[in-house]
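Trainee: In terms of the numbering used here, the sequence shown is residues 44 to 514.
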Amino acid sequence: MSKTEASLKVLPLLFLIVAPAFASVLHASYAQHCNKPITLTIISRHPTDVLEKARDMFLKTQYAKEYCIKDVRFIQLPPGWWIDYIKAHPVDIAWGGGPTQYDLLFKFHLLRPLQTKMALDAAAQIPDTLAGAPMKRIVNGKIYWVADAIASFGFTINRDVAAQLGYDWHKLKTWKDLASDQLGLLMLQVGVPVVGIADPTVSTSNTRMYEIILQAYGWDDGWRTLTLLGANSKIYSGSGLVRDAVINGEIMVGITIDFYGYTAHKQNPACIYVVPQGQTIVNGDPIAVTVSTKHPEAAEAFVAWALTDGQTIWLDPNINRLPSNPNVFNTPIGKERKDLYEAFQQILHAKSMKFNDTLALMYEDAMRLYFKATIVDLHDLLQQAWTTLLSAYYLDHKIDKATFEKLKDQLTSLPTFKDPITGKYTKFTVKYAIKADKVILKDPAMMDKLMNAWREAARAKYLGVLRALGG
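1. What are the residues that DSSP puts in a beta bridge with Cys-314?
2. Run the CB neighbour count on Arg-510, radius 10 Å, all protein chains shown included, and call it buried at 16 or more, exposed below.
3. With DSSP as the reference, label Asn-326 as helix, strand or coil.
4. From Ile-330 to Gln-207, what distance separates their C-alpha atoms?
5. Here's the rule I'm using: 16 or more other beta-carbon atoms within 10 Å means buried, otherwise exposed. How should Asn-368 be labelled?
6. May I have a chain-ordered list of the alpha helix (DSSP H) segments no shorter than 4 residues that lie completely inside the stretch 370-455?
7. Going by C-alpha distance, which of Pro-80, Ala-205, Leu-402 is nearest Asn-291?
8. Looking only at C-alpha atoms, which of Leu-271, Leu-231, Ser-395, Thr-374 sits nearest to Leu-438?
9. Taking a contact to mean a Cβ-Cβ separation below 8 Å, would you say Gln-258 touches Phe-398 in this structure?
10. To which residues does DSSP link Trp-138 through a beta bridge?
11. Is the stretch 281-288 touching the stretch 169-188, taking contact as three or more C-beta pairs under 8 Å?
12. Let me check understanding here. Comparing Cα to Cα, which of Thr-446, Leu-215, Thr-469, Asp-408 lies closest to Asp-480?
13. Pull up the CB-CB distance for Trp-497 and Thr-417, whole angstroms please, since I reckon it's below 8 Å.
14. Could you tell me which whole alpha helix (DSSP H) segments of length 4 or greater appear in the stretch 206-258?
15. Please tell me whether Lys-540 and Tyr-468 are closer than 8 Å, where the distance is taken between their beta carbons.
16. Label Lys-415 either buried or exposed according to how many other C-beta atoms from any shown protein chain fall within 10 Å of its C-beta, with 16 as the threshold for buried.
17. Roughly how many whole angstroms lie between the Cα atoms of Leu-154 and Ile-129?
18. Ala-107 to Asp-92, Cα distance in whole Å?
19. Report yes or no: do the stretch 314-325 and the stretch 115-133 share at least 3 C-beta pairs separated by less than 8 Å?
20. Using 8 Å for Cβ pairs, my map puts Asn-249 next to Ser-280. What's the rounded Cβ distance?
21. Going by DSSP, name the residue or residues bridged to Thr-82.
22. Rounding to the nearest angstrom, what Cα-Cα distance links Gly-297 and Phe-198 in this structure?
23. Which term fits Gly-513, buried or exposed, when burial requires 16 or more other beta carbons within 10 angstroms of its beta carbon?
24. I need the DSSP call for Pro-366, collapsed to helix, strand or coil.
25. So what does DSSP say about Gly-21, is it helix, strand or coil?
26. Note down the Cα distance separating Phe-196 from Trp-218, rounded to an integer number of angstroms.
27. Under 8 Å, do Ile-278 and Val-508 count as touching if we go by C-beta distance?
28. I think Asp-191 touches Asp-328, with their Cβ atoms under 8 Å apart; what is that distance to the nearest whole Å?
29. Applying the criterion that 16 or more other CB atoms from any shown protein chain within 10 Å of the CB defines a buried residue, is Glu-385 buried or exposed?
30. Is Ala-192 helix, strand or coil when you go by DSSP?
31. So what's Gln-119 in DSSP terms, helix, strand or just coil?
32. Just list the residues that DSSP pairs Pro-177 with in beta bridges.
33. Ile-118 and Ile-86 - do their beta-carbons sit closer together than 8 Å?
34. Below 8 Å, how does it come out for the stretch 131-145 and the stretch 336-345: are there three or more Cβ pairs, yes or no?
35. Look at the alpha carbon of Met-161 and the alpha carbon of Leu-120, and state the distance between them as a whole number of angstroms.
36. With respect to the alpha helix (DSSP H) encompassing Lys-492, which residues constitute its N-terminal and C-terminal limits?
And the structure:
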């Protein structure tokens with residue numbers, strides 16, 4: 044059994060329980076036209092509670108009846124394993140995980156455009172863009188994915204923890220505030236990081252936030268900010284773990300997608316979600332049919348349901364997500380969720396940044412791997428260099444401000460490395476990242492060589508700062 048199959052998490056099958064009268068009608072319908080009932084296979088990043096609720100709701104619908112769908116099988120895998128799994132196994136639908144993941148699947152030609160009138164009519168109810176962000180991936184007039192939920196990006200603060208630390212949480216307004224000297228000093232004071240982030244190779248939402256930072260501040264300053272954000276933080280192996288750490292008071296603040304913030308507040312009212320004004324975007328969370336589907340029409344029936352009647356899932360008080368179809372707020376359930384409607388309106392009118400989605404996609408994989416090699420893999424060394432530098436200036440007064448700024452610049456600058464592609468020395472510029480992204484796509488074996496080169500250049504940089512401080 045392969046590593047992918049061994050690690051595969053398949054939700055247990057649930058039996059549909061319906062009233063006897065409905066059951067008999069459904070049975071008669073199957074007897075008339077269902078020679079072989081269908082089980083849909085859906086690969087997903089949505090949590091178990093969403094998937095189980097979706098199965099229960101969908102199997103009771105006319106969609107399931109008309110298309111002979113007797114069950115839905117959900118497969119939960121880390122995003123990095125989706126491509127190989129879809130290539131090797133029949134998968135009808137991909138659902139959830141953010142546009143980053145779906146644009147990658149599109150690049151590998153693993154998405155099947157919507158074709159039935161039913162699915163296209165449902166997709167037409169979703170705006171093409173929302174708050175300036177694409178809600179669909181349309182290429183040559185064909186729709187490859189559609190958002191069935193939306194999200195913004197920011198950070199969630201535990202105000203009780205801030206009070207215990209004597210820190211005014213109102214100071215946290217921008218991404219750079221999380222990468223500040225002050226939060227680094229707070230880390231020194233309490234002995235552990237007070238900020239939480241996630242490894243971008245396992246979190247598509249954190250990937251998007253890092254892309255936002257790179258475009259909000261520009262490439263060079265963006266990487267300086269990301270480096271210090273990493274230095275100030277505990278790095279988790281998933282975005283949900285960051286949310287939980289804020290809720291539980293393990294950290295004071297964590298970068299989160301908006302619905303994690305809403306959930307945090309519901310579970311712990313001390314938590315508050317903050318949108319960095321002018322430094323956020325709205326994302327559509329997609330659903331799509333994959334090329335390995337064995338039941339394309341039945342798959343599109345599920346998509347049509349998810350974009351229409353299925354939108355009520357997001358309004359469940361235990362789920363708390365923003366739907367992509369505004370019509371759901373006109374339903375009886377929608378009218379009860381005035382809080383989510385207000386959040387929906389706030390997102391629509393929030394001051395968002397101009398984000399170049401096309402550019403982000405061009406360097407996305409290379410950016411994630413560079414972050415992993417230089418910040419995640421060397422986190423202990425980076426944090427040691429940063430705390431030593433902070434102590435030398437702020438606490439021990441061993442260096443003056445000019446020296447502090449010089450070494451801080453050295454710590455956060457993009458280092459020169461020997462490019463394994465050309466053999467020449469270069470830096471991780473935007474232009475280089477785009478080139479490296481193409482190389483990785485065509486030659487995955489080059490990935491390790493590139494990461495090794497980036498890692499060793501960063502290691503030398505961090506050690507250089509420590510040596511300059513006598514370490």
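All C-beta atoms in this analysis are idealised placements derived from N, C-alpha and C, irrespective of residue type, glycine included.
Because the structure is a prediction, the values reported are computed rather than measured.
Mentor: Result, derived from the coordinates:
1. Paired residues: Asn-201.
2. exposed
3. strand
4. Those two C-alpha atoms are separated by around 42 Å.
5. buried
6. 375-379, 381-392, 400-414, 422-433, 444-455
7. Nearest neighbour of Asn-291 by Cα position, chosen from Pro-80, Ala-205, Leu-402, turns out to be Ala-205.
8. Leu-231
9. yes
10. Ser-87, Ile-330
11. Taking 8 Å as the limit for Cβ pairs, the verdict is that the stretch 169-188 does not touch the stretch 281-288.
12. Asp-408
13. Under the criterion of beta carbons closer than 8 Å, Trp-497 and Thr-417 qualify as touching, at roughly 6 Å.
14. 218-221, 224-233
15. With the chain covering 44 to 514 only, the question about residue 540 has no answer from this structure.
16. buried
17. 10 Å
18. 20 Å
19. Flag = no, the stretch 314-325 and the stretch 115-133 do not touch.
20. The Cβ separation is near 11 Å, so there is no contact.
21. Asp-114
22. 5 Å
23. exposed
24. strand
25. Shown here, the chain extends from 44 to 514; a query on residue 21 therefore has no answer.
26. 11 Å
27. no
28. 7 Å
29. exposed
30. Here Ala-192 sits in strand by DSSP.
31. strand
32. Thr-172
33. Yes.
34. yes
35. 29 Å
36. 489-511
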